[in-house]
Amino acid sequence: MLGTLINKELRSIILSPKFTGTFLVCSILILLSVYTGIREYRILKARYDANDLLVSQELQQATSWAHLSTRVYREPEPLQIFASGLDYDIGRWTAIASDSGVKMKHSAYADDPIFAVFRFLDFSFITRFILTLFAILFTYNAVSGEREDGMLKLVFANSVSRAKCIIGKFVGSWLGLVVPITIPILLGILLLSVYGITLSSAEWLRLLLLLLYSLALFTFFIGLGIMISSLCRRSSVSFLISLVAWVMLVMIIPRIGVMAAGHIVEVPRVTDIESRLSSYAQSKWDEFNKASSKRWENYDEESDDNTGDESAEVAVLDEEALWKIIEREDSLSTEVEKDISRYEMKLQEDLRQRKIRQERLAYSLARISPVAAYQFGAMSLAGTGAEIKTRYENAAADFRNRFNDHVEMQKRETGDLGRMVVSVAIDDEGNKSTSSVGGRETGELDLDGLPKFTPPRPILAEAVAPTVIDFGLLVLFSLIVFAGATAAFMRYDMR
Amino acid sequence: MNIVYRTDAPALEAVNLTKRYDDDVLALDHVSFAIEPGQIYALLGGNGAGKTTAINLFLNFIEPTDGEARINGIVTHREPLKAKAHVAYVSENVMLYANFTAMQNLDFFARLGGQTSYTRSDYHDMLYRVGLAEEFHNKKLREFSKGMRQKCGIAIAMLKNAPAILLDEPTSGLDPKAGRDFIELLKSLKDENRAILMSTHDIFRAKEVADVVAIMNHGRLIMQKRASELAHQDLESLYMQYIGGHNNGEPSEGGTDAENAD
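These protein sequence lines are chains A and B, in that order.
Be aware that the first sequence starts at 1, since it is given in this note's numbering, and climbs by one per residue.
Be aware that the second sequence starts at 1, since it is given in this note's numbering, and climbs by one per residue.
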């Protein structure tokens, strides 16, 4: 009985005229997205390899350890073919030098803003926007449409339980939509081999999980369509509600989550931070200057009291006292600088913590939508989420320290200090002699011990762990809509 | 599956069947009748008279407020799945699955009705029997006229091989030829000893084919007469007389004619 119902649902989807058109469009889009992703990845990889080579050549051509610097480029992730995430938004390289911090800059979208307007079409985008709509379009009338056609009455004139019927609808719709969609997905994966994209076993597993997440999101929308259909009497109404629900879940809720988080956790702007720091520094320096003036006045007074005593001993004492005061003032001034620096660090830490809180809240609120949960999960699995920036900056900062330590060591060992100290000595007879230290070397540098940057590839556990919650949410949401659909259908008035 | 008849109970029976909806509308008011195997029972009445409500109660699409609907002695709201195994149904507007062919529709509903032994040849035979030309057997239902869909619906009902058949306005919208064919088909079903409950607006066809004709108004059964009693009566005049005289479903003195029938 259940098999008959599943078979009917499956066939009524596959045999419907809208299926052919929609399936073709989805298949073309999926294949096109994978092809575009492969093409982009290959371009980025070629660019990365060329830049990497250029950096090596520049280092080999360097003739001085002084001011030796390099650059670190972000290696493109092969899974960005399927979920580009923030890959195009995050800078592609950072300078590694002793006099500058690590900051990823020159993102693809910063260099070519037009691509930011019309963002790259990838598989995760198609899943979020096209496949979810596809699921809704095929399920919005699963129950209400059959009621309007009188088919529910005809079916339930037989010994069919409602539970079996709704399970049949769910399983049949799932098979009817998911199985055909896996064909272009598998063909897309085949394109990887055709274009020579090699994936490690961990990357294959991450890709498999990404596809599983996509199916979970698709399943949720199939369930949602059936649930809404089970709550409505007319298919026109269920279509409208389904469309509104789709817009809310795909477009609105993820953005509202981020906006709400922005209001709930206020993060001061950079100008506010600078203004507060400036005010604080000003007040501290004013306070210091005032106290310092007072101290100098006291010294002058003490000095005036001793003006009658012209002996050399008193003059020495004055000079010693003056140096002591200068040293104390210098020490107090350093304390003020440290205090201001501490305050700045406190402000920066507060800003960082607030940003973290805001980001976490934004993610949590956005996750009310399964689409956002899917997006976060897909980005994490593809290694193109927000953590990519931190991961690279941390690795680059670590590399910078090792690189600079090595350069400093080489500078000390070779005496290549990057500056020339010329000493002029005059002996008792008045003869002058000069010597110099730190002169420019002209030979090639010995780069054997120079640290090399290793791109921080996410290990499998790191990539998968953050997505467990998102996958759990997708499963939970799917169970909720299925339970909702079942509850609604059990009470559905099929007249 | 062979048709299973119980000899100790009518094939279809309504016992004080009452339905009051949540909005307090009394759709069916203590209606009682019994239909024996080989009997065609026609329910006449205007829109909202309660004919479809009675059929919905037999199919357990709604639960009765009071009374019982029984199929082969099984109370439908107590054992709906068991009861529905003994009844076939043809609705007013048979849409069927438009993307399926006639054969595919028959196959699906036959399996749903528990009939898994039918072959393609059986489906062809059944479609021939209801008068559907062979060229349409493998065509999708979306290309069918209403009459052709109705024939498919009847074929589906017949495939179930159930002892009782419920027909809700089966001739509505059919052309005269299709209507005529349908009447012939009903007669053949009656000859197979099936009990048929038919709700209809078609007074003339009801008189032609029914063994018992009943008139409903405002949820009440106000007249119930055997065909033999109507042989020399103008059913249309009678219908108008009953509908006019019992506009509010008020019983005449000494009870309704329905109570006096049989």
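Ideal Cβ placement from N, Cα and C applies to all residues, glycine included.
A27 of chain B versus B:E229, B:Q241, B:D234, B:L221, residue with shortest Cα-Cα distance | Among B:E229, B:Q241, B:D234, B:L221, the Cα nearest to that of A27 of chain B belongs to B:L221.
Please list the partners that G150 of chain A has in chain B, where partner means a Cβ-to-Cβ separation under 8 Å.
-> In chain order, S91, E92, N93, V94, M95 make up the part of chain B whose C-beta sits under 8 Å from the C-beta of G150 of chain A.
Same chain only: Cβ atoms within 7 Å of L215 of chain A, ignoring 5 sequence neighbours per side = Within the same chain, and ignoring the five residues on either side of L215 of chain A in sequence, the residues whose Cβ sits closer than 7 Å to its Cβ are V178.
Length-filtered (3 minimum) beta strand (DSSP E) runs lying within the region 90-118 of chain A = List check, beta strand (DSSP E) in window: 93-96.
Segment contact flag, the region 137-149 of chain A with the region 112-129 of chain A, C-beta cutoff 8 Å, min 3 pairs | Cβ pair count under 8 Å is below three, so no.
Note down the Cα distance separating G254 of chain B from Q224 of chain B, rounded to an integer number of angstroms.
-> Confidence is the limiting factor: at G254 of chain B the pLDDT is only 36, short of 50, which leaves the residue's position unreliable, though a coordinate-based value still follows. Whole-angstrom Cα-Cα distance: 15 Å.
Beta strand (DSSP E) runs wholly inside the region 118-198 of chain B, at least 3 long, in chain order | Counting only runs of 3 or more, we get 164-168.
Does the beta carbon of V25 of chain B come closer than 8 Å to any beta carbon on chain A?
-> It does not: the Cβ of V25 of chain B has no partner Cβ on chain A nearer than 8 Å.
Please list the partners that K8 of chain A has in chain B, where partner means a Cβ-to-Cβ separation under 7 Å.
-> One finds F108 in chain B with Cβ atoms closer than 7 Å to the Cβ of K8 of chain A, taken in chain order.
If I222 of chain A and W174 of chain A are in contact, beta carbons under 8 Å, what's the gap, nearest whole angstrom?
-> With a Cβ gap of about 6 Å, I222 of chain A and W174 of chain A count as contacting.
Closer than 9 Å at the beta carbon, the chain E residues around K84 of chain B = Any reference to chain E falls outside this structure, whose protein chains are A and B.
Return the residue from the list A:V464, A:L187, A:V475 that minimises the CA-CA distance to L209 of chain A.
-> Of the candidates A:V464, A:L187, A:V475, the one whose C-alpha sits nearest the C-alpha of L209 of chain A is A:V464.
CA-to-CA distance, L68 of chain A to V407 of chain A, given in whole angstroms = Straight-line Cα distance between these residues: approximately 7 Å.
According to the neighbour-count rule (16 or more other Cβ atoms, all chains shown, within 10 Å of its Cβ), is A485 of chain A buried or exposed?
-> That one is buried.
Can you find at least 3 beta carbon pairs, one from the region 151-163 of chain A and one from the region 58-68 of chain B, that sit closer than 8 Å?
-> Three or more Cβ pairs drawn from the region 151-163 of chain A and the region 58-68 of chain B lie within less than 8 Å of each other, which places the two stretches in contact.
Chain A contacts from the region 61-83 of chain B (Cβ-Cβ distance under 9 Å) = Listed by position, the residues of the region 61-83 of chain B near chain A (Cβ gap below 9 Å) are F61, I62, P80, L81, K82, A83.
Determine, using beta carbons only, whether N56 of chain B comes closer than 8 Å to chain A.
-> For N56 of chain B, the answer is yes, since a Cβ of chain A falls inside 8 Å of its Cβ.
Is M409 of chain A buried or exposed, if buried means 16 or more other CB atoms sit within 10 Å of its CB?
-> Taking a 10 Å sphere around the C-beta of M409 of chain A, we find fewer than 16 other C-beta atoms and assign the residue as exposed.
Quick one: which chain A residues come within Cβ less than 7 Å of G46 of chain B?
-> Here the premise fails: no neighbours, minimum Cβ distance about 18 Å.
C-beta neighbour in chain A for R194 of chain B, strict 8 Å | Residue contact check for R194 of chain B against chain A: no CB pair falls below 8 Å.
Would you tell me roughly how many angstroms separate the C-alpha atoms of P163 of chain B and D191 of chain B, rounded to the nearest one?
-> Cα-Cα distance, rounded: 12 Å.
Partner residues on chain A for N99 of chain B, Cβ-Cβ distance less than 7 Å = The answer, in chain order, is S12, L15, S16.
Do you know whose CA, among A:S279, A:L211, A:G150, A:I189, lies nearest S235 of chain A's CA?
-> Between S235 of chain A and the set A:S279, A:L211, A:G150, A:I189, the nearest pair of CA atoms involves A:G150.
Hey, is the region 376-390 of chain A in contact with the region 467-480 of chain A, meaning 3+ C-beta pairs nearer than 8 Å?
-> Yes, the region 376-390 of chain A touches the region 467-480 of chain A.
In or out: S478 of chain A buried (at least 16 other Cβ within 10 Å) or exposed?
-> S478 of chain A should be labelled buried.
Report yes or no: is there a C-beta of chain B within less than 8 Å of the C-beta of M227 of chain A?
-> When Cβ-Cβ separations below 8 Å define contact, M227 of chain A makes no contact with chain B.
Which of the three DSSP states, helix, strand or coil, is assigned to N93 of chain B?
-> Reduced to three states, the DSSP call for N93 of chain B is coil.
Considering R226 of chain B, what are the terminal residues of the beta strand (DSSP E) in which it resides?
-> For R226 of chain B, the enclosing beta strand (DSSP E) stretches over residues 220-226.
So, are the CB atoms of E564 of chain A and V55 of chain A less than 8 Å apart?
-> The displayed coordinates of chain A run from 1 to 495. Any statement about residue 564 of chain A would go beyond what the structure contains.
Bounding residues of the beta strand (DSSP E) (the contiguous stretch that carries F120 of chain A) = F120 of chain A -> no beta strand (DSSP E), and no H or E assigned at all.
Where S433 of chain A sits in the DSSP three-state scheme | DSSP places S433 of chain A in strand when its eight states are reduced to three.
Taking only the alpha-carbon atoms, compute the straight-line gap between R269 of chain A and G383 of chain A and give it to the nearest angstrom.
-> Roughly 29 Å separates the two Cα atoms.
Cβ neighbour criterion (16 or more within 10 Å) applied to R120 of chain B | For R120 of chain B, the number of other beta carbons within 10 angstroms of its own is below 16, and it is reported as exposed.
With 8 Å set as the bound, which would you pick, yes or no: does the beta-carbon of K153 of chain A sit closer than that to a beta-carbon of chain B?
-> So yes, K153 of chain A belongs to the interface.
Give the DSSP bridge partners of S173 of chain A, in chain order.
-> In the DSSP secondary-structure assignment, S173 of chain A is not bridged to any residue.
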